[in-house]
Amino acid sequence: MNDPARTISRTEAEELLYREARLLDTMQLREWLGLYAPDGLYWIPIDETQPAKRTASLVYDDTPSREERVYHLEQLPFPAQNPRSRTVHMVSNIEVLGLDEDGSTRVASSQVIYETRTGDYTQIGLGEISTIVASVEYRLVRLQGVIKIKLKKILLINREMPQGNMTFIV
Amino acid sequence: MTQEIQRVSPYFSDPAPANALIDDAGGHFRVHARAYTDQAIFDLEQKQVFSRIWVYMGHESEFGKAGDFKTTHIGLQPVIVSRGEDGQIHVMLNRCVHRGAAVCRELRGNTPHFICPYHAWKYSVDGRLQAISGENDPSGYSASFDKPEGLRKVPRVDHYRGFYFASLNPDVVPLADYLGPTARQLIDRKLAQAPEGKITVQGRPFVAVYKGNWKFQSENIIDGYHFMYTHRSFVQLQAKYGDTTGDFGVHKGGSAAEMSKNRNLGNVTGGVHGHGINQKPVVGYDDFFTGAFAGHFSALRDRYGDEELRWVLGMGAGCIFPTFGLIHNQIRVWRPIGPALTEVTIYPYSLNGAPEEFNQGMLRSHERFYGPAGYGAVDDVEVFALNQQGLSASDDAWLIMERGMEKEKRLDSGEIEGLPSSETVHRAFWRQWRRLMNSN
Ligand code: FES
Ligand SMILES: [Fe+2]
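The listed protein sequences correspond, in order, to chains P and R. For what it's worth, our numbering labels the leading residue of the first sequence as 428, then goes sequentially. For what it's worth, our numbering labels the leading residue of the second sequence as 5, then goes sequentially.
What follows is the structure in structure tokens.
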């Protein structure tokens with residue numbers, strides 16, 4: 428159960444966000460799955476002003492969908508990740524914004540993700556570094572004493588514009 | 005034969021350049037790499053293809069009321085599409101008639117008028133010039149000033165059941181004739197899925213830009229051949245997760261063997277004007293009348309009967325020549341930016357009158373396959389870049405499009421019907437491309 432009596436500090440939030448960045452950049456995706464609460468959501472909207480059920484999002488992953496995403500990345504070869512992406516997540520501007528109605532702690536961050544494909548860098552579509560820039564909002568909860576992600580909402584600054592290959596985890 | 009064409013007949017000195025780029029002699033059907041790579045061919049396409057035929061502009065649901073507008077393109081040319089006070093859809097070049105500035109900088113919206121940001125010439129939403137700032141200043145215009153009427157109108161605008169097209173060619177064939185029977189049938193069947201016979205563009209589109217030629221997307225959207233290979237990982241995901249993660253029954257068949265079998269149902273049709281249509285009757289038909297939406301589907305069965313409803317609910321995909329596609333519950337539009345640069349926009353739509361949960365389920369399926377982080381379309385886009393990459397190995401210049409050539413038949417309409425994973429549709433596309441590129 429979430430324990431609202433113990434709020435989540437900025438230091439605790441920072442530790443979690445940095446850890447998530449490292450797990451993604453080192454492809455420890457099973458461990459990444461474990462950062463989420465059972466009802467957690469990994470969400471990249473195009474139009475965050477519309478109800479997610481009634482509009483298409485870039486990603487709208489509940490727990491089964493996150494598991495499918497990790498299985499896809501780890502177990503199945505597919506053209507968009509063959510060769511693989513390499514990423515570095517830069518996380519900054521972390522701020523605890525306060526408690527949400529449901530007792531979760533709202534945390535703001537700014538993130539810049541650099542991505543490149545490995546392989547023959549002389550070829551079209553490979554050998555470039557792409558940049559993803561986003562405001563990333565989290566809702567964090569403490570479950571059995573462990574802080575978990577209830578929501579990771581990624582607001583790309585170019586969310587209604589053309590998107591490149593986002594088959595790695597943002 | 006093909007080697008000779010490549011060496012001795014550089015297309016740019018040929019009065020009918022496209023002839024040298026398609027080899028259909030002696031049982032061949034091969035396309036030369038330059039059709040995809042060459043700047044001169046790309047430039048010629050603007051004039052010979054995009055300026056002479058119907059190009060898709062938008063759906064009526066995007067222009068519900070007077071003043072609604074969006075920006076789009078006819079080939080390279082930026083246009084504004086709007087609904088005027090007269091209730092009609094207007095298409096005009098997004099270019100001020102004074103000194104050429106773009107008058108509209110938004111993707112979409114609603115406005116009573118467009119005011120040019122440069123010298124503030126004012127246009128009605130249907131493009132009429134309403135006011136010239138400082139018109140009567142001492143340094144203004146003379147009494148004999150040849151005043152333009154307004155933004156340059158695209159001369160022909162028409163729609164088929166709410167799908168709006170425009171043409172820069174005043175003498176273009178009527179839209180219904182251009183579509184032909186099979187493309188109209190596909191659209192009719194897509195709309196028949198909706199209890200009210202109409203659709204609504206829903207939410208925001210996915211947009212991708214790829215480093216490849218626009219014709220790769222035209223070929224791919226009706227390519228029945230690639231699915232089991234390019235989308236192999238998706239087929240495996242389906243077997244493991246299927247509807248539990250949001251496919252919503254859109255891709256039929258659990259195992260790879262079943263999916264492969266389903267892919268070989270139905271047929272493809274190559275249209276007289278270069279369209280390619282791929283249709284399959286639905287599998288698991290009886291399940292529709294016991295599931296969560298049994299009422300919805302039973303009402304459709306009462307209206308259309310079993311035989312037609314199998315096709316209405318089946319997989320239908322089309323490439324309406326040159327750059328408009330329908331597949332599943334989406335409208336797809338792609339536009340050339342350069343010989344090796346193309347933008348693809350994918351709009352999901354909902355079925356008017358269908359249960360809310362049904363339309364929501366279709367949106368989740370759309371995200372899962374077609375999004376930039378999804379399990380399908382992003383692999384197609386990757387393939388378009390590696391197509392373009394491969395063609396830089398120019399000593400081997402020809403692409404082979406000969407699947408199913410022996411197994412096609414000509415219909416009374418002049419359309420050609422082929423087997424589901426044949427390249428009948430690709431050959432129809434390229435024949436029309438050659439006709440347009442060669443004609444005056
Ligand atoms: S360019 Fe538009 S008013 Fe001058
Ligand atoms: Fe595909």
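Ideal Cβ positions, reconstructed from N, Cα and C, are used throughout, including at glycine. Here the structure is a predicted model, which means the values were calculated and not measured.
Beta strand (DSSP E) segment containing R/Y164, residue limits: Per DSSP, R/Y164 belongs to the beta strand (DSSP E) from R160 to Y164.
Heavy atom of ligand 1 within 7 Å of R/A377 beta-carbon: With a threshold of 7 Å, the Cβ atom of R/A377 does not count as near ligand 1, since no heavy atom of the ligand is closer than that.
R/W402 - containing beta strand (DSSP E), residue span: DSSP places R/W402 inside the beta strand (DSSP E), whose first and last residues are W402 to I404.
Proximal residues of chain R, C-beta to C-beta of P/R481 below 9 Å: For a Cβ distance threshold of 9 Å, residue set Q206, G207, S354, E360, N363, Q364 and L367 of chain R lies close to P/R481, ordered along the chain.
Closer than 7 Å: R/Q122 CB and nearest ligand 1 heavy atom: Note on identity: in this sequence residue 122 of chain R is Tyr, with Gln being the wrong assignment. Yes, the Cβ of R/Y122 comes within 7 Å of a heavy atom of ligand 1.
contact_flag[the region 207 to 222 of chain R, the region 286 to 300 of chain R] where n(CB pairs < 8 Å) is 3 or more: Segment contact: the region 207 to 222 of chain R against the region 286 to 300 of chain R, fewer than three CB-CB distances shorter than 8 Å; contact not assigned.
Cutoff 6 Å; reference R/R305; Cβ partners in own chain excluding five residues on either side: Cβ contact annotation for R/R305 (same chain, cutoff 6 Å, sequence separation greater than five): L313, in chain order.
Which listed residue (R/F328, R/H332 and R/D90) has its alpha carbon closest to that of R/I319: The sequence given here places Met at residue 319 of chain R; Ile does not occur at that position. Closest by alpha carbon: R/H332.
The region 159 to 173 of chain R / the region 48 to 60 of chain R touching (three or more Cβ pairs under 8 Å): Contact between the region 159 to 173 of chain R and the region 48 to 60 of chain R is present, because at least three Cβ pairs lie under 8 Å.
Neighbourhood of P/R544 by C-beta distance below 6 Å, restricted to the same chain and skipping five residues each side: Counting only Cβ-Cβ distances below 6 Å, and skipping sequence neighbours, we find P510, S512 and L553.
Minimum Cβ-Cβ distance from R/P376 to chain P less than 8 Å: At least one chain P Cβ lies under 8 Å of R/P376.
Within 9 Å of chain P by C-beta, residues of the region 206 to 238 of chain R in sequence order: Residues of the region 206 to 238 of chain R with a Cβ closer than 9 Å to any Cβ of chain P, in chain order: Q206, G207, R208, P209, F210, V211, A212, V213, Y214, K215, G216, T234, H235, R236, S237 and F238.
Assigned secondary structure, R/S146 (DSSP; H/G/I helix, E/B strand, else coil): Of the three classes helix, strand and coil, the one that applies to R/S146 here is coil, per DSSP.
Given 8 Å, three or more beta-carbon pairs between the region 231 to 244 of chain R and the region 278 to 289 of chain R: Short answer: they don't touch.
Local conformation of R/N442 per DSSP, three classes: In the structure shown, R/N442 falls within a helical segment according to DSSP collapsed to helix, strand and coil.
Partner residues on chain P for R/V382, Cβ-Cβ distance less than 8 Å: Ordered by position in chain P, the residues that pass the 8 Å Cβ test against R/V382 are A507, N592, M593 and T594.
Paired residues, beta bridge with R/G518 - DSSP: This structure cannot speak to residue 518 of chain R, because chain R is shown only from 5 to 444.
R/H117 Cβ short of 7 Å to ligand 4 heavy atom set: Ligand 4 is not part of this structure, which contains only ligand 1 and ligand 2.
Contact belief for R/N442 with R/A187 at Cβ below 8 Å, rounded distance in angstroms: Not confirmed; about 23 Å, so no contact.
R/F16 in three-state terms, based on DSSP: Confidence at R/F16 is low in this model, with a pLDDT of 49, below 50, so the placement of that residue should be treated as unreliable; the coordinate-derived value is given next. It is helical.
Integer-rounded CB distance, given that P/A440 should sit under 8 Å from P/V534: Between P/A440 and P/V534 the Cβ distance is about 5 Å, and since that is below 8 Å, they are a contact.
Cβ of P/D466 within 8 Å of any chain R Cβ: Answer no: the Cβ-Cβ gap between P/D466 and chain R never drops below 8 Å.
R/S65 versus R/N444, R/E419, R/L355 and R/I420, residue with shortest Cα-Cα distance: Here the closest residue by C-alpha is R/L355.
Distance between P/T532 and P/S436 (C-alpha atoms, nearest Å): C-alpha separation (whole angstroms): 9 Å.
heavy atom of ligand 2 below 7 Å from R/D251 C-beta: Proximity of the beta carbon of R/D251 to ligand 2 is not indicated: no heavy atom of the ligand is located closer than 7 Å.
Whole-Å CB distance - R/G357 paired with R/A196, under 8 Å assumed: Separation of the CB atoms of R/G357 and R/A196 is rounded to 12 Å, and the pair is thereby denied contact status at 8 Å.
Short Cβ contact (8 Å threshold) for R/K219 with R/L345: Going by beta carbons, R/K219 and R/L345 fall outside the 8 Å limit.
Assigned exposure category for R/A432 - 16 Cβ within 10 Å defines buried: Buried, because 16 or more other Cβ atoms sit within 10 Å of the Cβ of R/A432.
Which listed residue (R/Y233, R/M232 and R/G257) has its alpha carbon closest to that of R/K244: When only C-alpha atoms are compared, the closest one is R/G257.
R/F231 Cβ short of 7 Å to ligand 2 heavy atom set: Yes; taking the cut-off as 7 Å, the Cβ of R/F231 has a heavy atom of ligand 2 nearer than that.
Rounded distance between the beta-carbons of R/G79 and R/P340, thought under 8 Å: Confirmed, about 6 Å.
Residues of the region 432 to 448 of chain P whose Cβ lies closer than 9 Å to any Cβ of chain R, in chain order: Under the 9 Å Cβ criterion, the region 432 to 448 of chain P contributes no residue.
Residues near P/Y541 by beta carbon distance below 7 Å, same chain, minus five either side: Excluding residues within five positions, the ones whose Cβ falls inside 7 Å are T514, V515, I556 and T558.
Beta strand (DSSP E) runs contained entirely in the region 511 to 593 of chain P, provided each spans 3 or more residues: Secondary structure in the region 511 to 593 of chain P: the beta strand (DSSP E) runs of 3 residues or longer, each lying completely within the stretch, are 512 to 526, 532 to 544, 556 to 570 and 573 to 583 in chain order.
Where R/T76 falls: helix, strand or coil (DSSP): R/T76: strand per DSSP, three-state reduction.
Contacting positions in the region 239 to 261 of chain R - beta carbon closer than 9 Å to chain P: For the region 239 to 261 of chain R, the set of positions with a beta-carbon nearer than 9 Å to some beta-carbon of chain P reads Q240, L241, K244, Y245, T248, T249 and G250 in chain order.
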